[in-house]
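Undergrad: Would you mind keeping the following structure in view while I ask a few things?
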């Protein structure tokens, strides 16, 4: 969500009509796939997905044609939810081992899109990662502030907060989207974050990897100890000033460098 | 393969009889699983595997009971081969973009076990990662020097060598295993590596992550440029002096810190 978006930095973002919103958020229930994938396609797409989630694939631009149905099935069936729950469970297991100092400096970092908030309603209407990313319609979706919580992450968020972590959000969204982002977070059930970083003008043109590393470094320089970090992109997790433990959430729909 | 093994550092390792070897390397052909996994088990094991391959799981000791059959099916069916091929393809795509300087300092690093060599014959006879690791029988297997090549890696190895990379091997195996390891590599089709690092006495007690990072640092200090690194464990790839690009090969059978 980071790169192309920056071009729109100075555009004012008008709220779209409710009618338009309704057309965006309709998802087809899809527990059983309408198109049955061949055994070869499943093998291919499972392996493609392995390389995406391990970061072996490196930069990739869109879901391969033959995997669009696979990604749709994955995202709208049980697997996405299950993988997200497993990642949250691992995160919580680690979080429980952290000794909280009580000085308010123990931090857990969360990304927002496809981490705290799910844009699945948008991507369901836009080919599940098979279409070229379109800043304009995505920004309209963001302005609706109606993205639902990723339920596993909401549970984790509440539990790490309960454990005494300060919660810091670092998103590739830009400063003009601060208000709608906060509104959406509250709508989805999140509250009490310590800090919300969005891209400012000075971050323009930086990769997410560099921008997010710099924000973590700022936190460290202020004395915060970053124990855990949760994100659906490797650029949320790698770079410098990395957390003691990083947790990769699933996302076979898009890649951000 | 790294930790417990060190205890045996000074033991002399006798060659085992051919009869014993035969009992080790028998794998049951298993294209169709004998035990059919339930839908819930598949969902569970797919997600467990996601957390293992992304490193979300962190330290794990053995394959969960309900996933032993899943791992057996995965390792002996098409998926392991397919995932390995995809990882090799990604590696080669990157390798082809590297400008080789011609000074003999451009390096690709490979791990050995479950990267260049497959110990699947051993693990097939030992529960596919469900049994506690046993140094004694594994060392007997190593001494046979009959581990087959992981075919995708053999192809990659030959192609990166052809491209002009120097090949460096960094393994958790120990110095007393140098001869059998070289013998096995040659047996499996590998040749012309620039350097083979095994754990020496000074590396005793170090995690693989630290030991392997130190060896990469040594290479850097000698002026080598480490472009790519291939390994089945995150401890092959992370730490310091990391390669420009790292490639995680699949391994749902065991974890090495």
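Chains as they are written, first to last, in our numbering: chain A, 1 to 257; chain B, 1 to 257.
All C-beta atoms in this analysis are idealised placements derived from N, C-alpha and C, irrespective of residue type, glycine included.
Checking contacts by CB at 8 Å: is residue 43 of chain B closer than that to chain A?
TA: As a working mapping, residue 43 of chain B is identified with position 43 in the second chain. Yes, residue 43 of chain B counts as interfacial toward chain A.
Undergrad: Do residue 234 of chain A and residue 212 of chain A have their beta-carbon atoms positioned less than 8 Å apart in this structure?
TA: Position 212 of the first chain holds residue 212 of chain A. Position 234 of the first chain holds residue 234 of chain A. Contact flag unset, no.
Undergrad: Which runs of the alpha helix (DSSP H) at least 4 residues long sit entirely within the stretch 91-173 of chain B? Give them in chain order.
TA: The qualifying runs are 120-124, 135-144, 151-163.
Undergrad: Counting only Cβ-Cβ distances shorter than 8 Å, please list the residues of the stretch 37-62 of chain B near chain A, keeping chain order.
TA: The residues in question are 43, 44, 46, 47, 48, 50, 51, 53, 54, 55, 56, 57, 58.
Undergrad: What residues from the stretch 65-86 of chain B come within 8 Å of chain A, judged by C-beta to C-beta, listed N to C?
TA: Listed by position, the residues of the stretch 65-86 of chain B near chain A (Cβ gap below 8 Å) are 78, 79, 82, 83, 85, 86.
Undergrad: Give the DSSP-derived three-state secondary structure of residue 22 of chain B in the structure shown.
TA: If you number the second chain from 1, residue 22 of chain B lands on position 22. Because the pLDDT at residue 22 of chain B is just 35, under 50, the model does not fix this residue reliably, and the point stays unresolved.
Undergrad: Residues of chain B with CB under 8 Å from residue 248 of chain A, in chain order?
TA: Within the first chain, numbered from 1, the residue matching residue 248 of chain A stands at position 248. Within chain B, the residues near residue 248 of chain A are 54, 55, 56.
Undergrad: Strictly under 8 Å for the Cβ-Cβ distance: is residue 216 of chain B near chain A by that measure?
TA: The residue given as residue 216 of chain B occupies position 216 in the second chain. Output row for residue 216 of chain B: interface = no.
Undergrad: Check the Cβ-Cβ distances between residue 90 of chain A and every residue of chain B, and say whether any is below 8 Å.
TA: Taking the first chain and counting its residues from 1, one reaches residue 90 of chain A at position 90. Answer yes: the Cβ-Cβ gap between residue 90 of chain A and chain B drops below 8 Å somewhere.
Undergrad: Classify residue 49 of chain A as buried or exposed, calling it buried when 16 or more other Cβ atoms lie within 10 Å of its own Cβ.
TA: Counting from 1 along the first chain, the entry for residue 49 of chain A is found at position 49. Under this definition residue 49 of chain A is a buried residue.
Undergrad: I'd like the span of the beta strand (DSSP E) that includes residue 247 of chain A, first residue to last.
TA: Here residue 247 of chain A refers to the residue found at position 247 of the first chain. Residues 245-248.
Undergrad: Mind the definition here: the stretch 183-194 of chain B touches the stretch 72-81 of chain B only if three or more C-beta pairs lie below 8 Å; say whether that holds.
TA: With the cut-off at 8 Å, the stretch 183-194 of chain B and the stretch 72-81 of chain B do not touch.
Undergrad: Closest to residue 100 of chain A by C-alpha separation, out of A/171, A/210, A/166, would be which residue?
TA: Reading the first chain from its first residue, position 100 is the one you call residue 100 of chain A. Here the closest residue by C-alpha is A/166.
Undergrad: Are residue 43 of chain B and residue 103 of chain A touching if we call contact CB-CB under 8 Å?
TA: Working through the second chain from its first residue, we reach residue 43 of chain B at position 43. Working through the first chain from its first residue, we reach residue 103 of chain A at position 103. No, Cβ-Cβ distance for residue 43 of chain B and residue 103 of chain A is not below 8 Å.
Undergrad: Does any residue of chain A have a CB that is nearer than 8 Å to the CB of residue 94 of chain B?
TA: Start at 1 with the first residue of the second chain, and residue 94 of chain B comes out as number 94. Closer than 8 Å to some Cβ of chain A, the Cβ of residue 94 of chain B qualifies, so yes.
Undergrad: Expressed to the nearest angstrom, what Euclidean distance is found between the alpha-carbon atoms of residue 31 of chain B and residue 253 of chain A?
TA: Along the second chain, read from residue 1 onward, the residue named residue 31 of chain B stands at position 31. Along the first chain, read from residue 1 onward, the residue named residue 253 of chain A stands at position 253. Its pLDDT being 45, under 50, residue 31 of chain B is placed unreliably in this model, and the value from its coordinates should be taken loosely. Rounded to whole angstroms, residue 31 of chain B to residue 253 of chain A spans 31 Å at the Cα level.
Undergrad: What are the boundary residues of the beta strand (DSSP E) that includes residue 49 of chain B?
TA: As a first step, residue 49 of chain B must be located in the second chain, where it is residue number 49. Per DSSP, residue 49 of chain B belongs to no beta strand (DSSP E); it is in the alpha helix (DSSP H), 39-53.
Undergrad: Under 7 Å, CB to CB, which of the residues in the stretch 226-252 of chain B have a partner in chain A?
TA: From the stretch 226-252 of chain B, only 245, 247, 248, 250 have a Cβ closer than 7 Å to chain A.
Undergrad: Can you list, in chain order, the stretches of the beta strand (DSSP E) that have 3 or more residues and sit fully within the stretch 184-208 of chain A?
TA: List check, beta strand (DSSP E) in window: 195-199.
Undergrad: What are the partner residues of residue 226 of chain B, as DSSP defines its beta bridges?
TA: Mapped onto the second chain, residue 226 of chain B falls at position 226. The partner list for residue 226 of chain B (beta bridge, DSSP) reads B/107.
Undergrad: Within 10 angstroms of the Cβ of residue 260 of chain A, are there 16 or more other Cβ atoms? Answer buried if so, exposed if not.
TA: Lying before the first or after the last residue shown, residue 260 of chain A is absent from chain A, which here runs from 1 to 257.
Undergrad: Going by the CB atoms, is the gap between residue 47 of chain A and residue 83 of chain B shorter than 8 Å?
TA: The residue you call residue 83 of chain B lines up with position 83 of the second chain. The residue you call residue 47 of chain A lines up with position 47 of the first chain. In this structure, residue 47 of chain A lies closer than 8 Å to residue 83 of chain B by Cβ.
Undergrad: Shorter than 8 Å from the beta carbon of residue 14 of chain A to some beta carbon of chain B?
TA: Residue numbering aside, residue 14 of chain A sits at position 14 when the first chain is read from its first letter. At residue 14 of chain A the pLDDT is 28, less than 50, meaning the model places this residue with poor confidence; the figure from the coordinates comes in the next sentence. Residue 14 of chain A does not count as touching chain B.
Undergrad: For a quick check, are the C-beta atoms of residue 130 of chain B and residue 59 of chain B less than 8 Å apart?
TA: Position 130 of the second chain, counting from 1, holds the residue named residue 130 of chain B. Position 59 of the second chain, counting from 1, holds the residue named residue 59 of chain B. No, these two residues do not count as a Cβ contact at 8 Å.
Undergrad: What distance in whole Å lies between the Cβ atoms of residue 188 of chain B and residue 220 of chain B, which are believed to be in contact at a cut-off of 8 Å?
TA: The sequence position of residue 220 of chain B within the second chain is 220, counting from 1. The sequence position of residue 188 of chain B within the second chain is 188, counting from 1. About 28 Å separates the two Cβ atoms, so there is no contact after all.
Undergrad: Report whether the distance from the Cβ of residue 84 of chain A to the nearest heavy atom of the ligand FMN is below 7 Å.
TA: The ligand FMN is not part of the structure shown, which contains no ligands of any sort.
Undergrad: Looking only at C-alpha atoms, which of B/257, B/245, B/90 sits nearest to residue 152 of chain B?
TA: Position 152 of the second chain holds residue 152 of chain B. Nearest option by C-alpha distance: B/90.
Undergrad: Thinking C-alpha only, which one of B/236, B/157, B/237, B/245 is nearest residue 228 of chain B?
TA: Counted from its first residue, the second chain places residue 228 of chain B at position 228. With distances taken between Cα atoms, residue 228 of chain B lies closest to B/245.
Undergrad: Decide if residue 205 of chain B is buried, meaning its Cβ has at least 16 other Cβ atoms within 10 Å, or exposed.
TA: Residue numbering aside, residue 205 of chain B sits at position 205 when the second chain is read from its first letter. When all chains shown are included, residue 205 of chain B counts as exposed.
Undergrad: Grab the span of the alpha helix (DSSP H) containing residue 76 of chain A for me, first residue to last.
TA: Position 76 of the first chain holds residue 76 of chain A. Its alpha helix (DSSP H) spans residues 68-76.
Undergrad: Would a C-beta distance cut-off of 8 Å place residue 198 of chain B and residue 216 of chain B closer than the cut-off?
TA: Walking along the second chain from the start, residue 198 of chain B turns up at place 198. Walking along the second chain from the start, residue 216 of chain B turns up at place 216. Cβ distance not < 8 Å, so residue 198 of chain B and residue 216 of chain B don't count as in contact.
Undergrad: Using a Cβ-Cβ distance cut-off of 8 Å, determine whether residue 257 of chain A contacts chain B.
TA: To locate residue 257 of chain A, count along the first chain from 1; it is residue 257. No, no contact with chain B.
Undergrad: Under 8 Å between the Cβ atoms of residue 224 of chain A and residue 36 of chain A?
TA: Looking up residue 224 of chain A in the first chain gives position 224. Looking up residue 36 of chain A in the first chain gives position 36. It is not a contact, given that the beta carbons lie outside the stated cut-off.
Undergrad: Can you grab the Cα-Cα spacing for the pair residue 145 of chain A / residue 222 of chain B, in whole Å?
TA: Taking the first chain and counting its residues from 1, the one referred to as residue 145 of chain A is at position 145. Taking the second chain and counting its residues from 1, the one referred to as residue 222 of chain B is at position 222. Distance between the alpha carbons of residue 145 of chain A and residue 222 of chain B is about 54 Å.
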